[in-house]
Amino acid sequence: MDARQGWSVSQLWTHCFQSNIRALNDLYLLYGSARDDCELIDQLKAEVTELKQSANAAHAQLEEVLGAQKAILEDKRKALEALDKAQEVGENLVRTNKRLNDALMTSEQELSRIRETEAARTQAMADKALADFKASAKFQSALAKAVVDFKGFQRF
252 MDARQGWSVS QLWTHCFQSN IRALNDLYLL YGSARDDCEL IDQLKAEVTE
302 LKQSANAAHA QLEEVLGAQK AILEDKRKAL EALDKAQEVG ENLVRTNKRL
352 NDALMTSEQE LSRIRETEAA RTQAMADKAL ADFKASAKFQ SALAKAVVDF
402 KGFQRF
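One rule links them: number in our numbering = place in the sequence shown (from 1) + 251.
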């Protein structure tokens with residue numbers, strides 16, 4: 252809108268002034284909005300920083316938990332190995348116990364056989380000694396009778 256359309260210079264100045272006021276008002280509103288946006292951006296940056304710190308702390312805790320889980324798994328693995336070895340030792344003990352029981356049974360049987368053999372031999376020796384004693388007693392009796400007879404014969 253210029254002077255050729257019938258506006259006076261004062262009307263043009265008024266119109267320009269009002270347009271500038273509206274533009275300044277819009278600029279002020281934009282500045283306020285930009286300032287609010289900057290404050291919001293700063294708040295968001297602070298929240299993002301806080302979230303990053305929180306995420307880093309959570310990550311560190313997760314690392315600790317994973318480390319603890321690894322240690323637990325390692326302990327479980329070692330415990331399973333120890334159980335396997337204990338089972339192997341137990342099986343060896345069972346086999347050894349069986350061998351010992353077999354050896355004990357064999358020893359008891361051998362001892363019983365030896366006892367029977369020794370008892371039979373001792374009985375045979377006792378029987379022989381008794382027979383020898385009886386024979387000796389008969390001999391002594393016969394000898395005593397012969398001596399008595401001989402003494403009786405000498406009297407005559």
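C-beta: ideal position from N, C-alpha, C; glycine also.
**Message:** For Gln269 and Gln256, what's the separation of their Cα atoms in angstroms?
**Reply:** Their backbone Cα atoms lie some 19 angstroms apart in a straight line.
**Message:** Mapping the DSSP letters down to three states, classify Gly318 as helix, strand or coil.
**Reply:** helix
**Asked** Gln320 CB to nearest chain B CB: under 9 angstroms?
**Response** Annotation note: the requested chain B is absent from the structure, which comprises a single protein chain.
**Request:** Go ahead and pull the three-state DSSP assignment for Cys258.
**Result:** Reading the sequence as shown, one finds Trp at residue 258 and not Cys. The answer is coil: DSSP assigns Trp258 none of H, G, I, E or B.
**Request:** Output the distance between the C-alpha atoms of Lys327 and Ala337, rounded to the nearest integer angstrom.
**Result:** 15 angstroms
**Asked** Excluding sequence positions up to five away, which residues of its chain have a Cβ less than 8 angstroms from the Cβ of Leu381?
**Response** none
**Asked** the ligand MN heavy atoms versus the CB of Lys396: any closer than 8 angstroms?
**Response** The ligand MN is not part of this structure, which contains no ligands at all.
**Prompt:** Ala370 to Met356, Cα distance in whole Å?
**Reply:** Spanning the two alpha carbons is a distance of roughly 20 angstroms.
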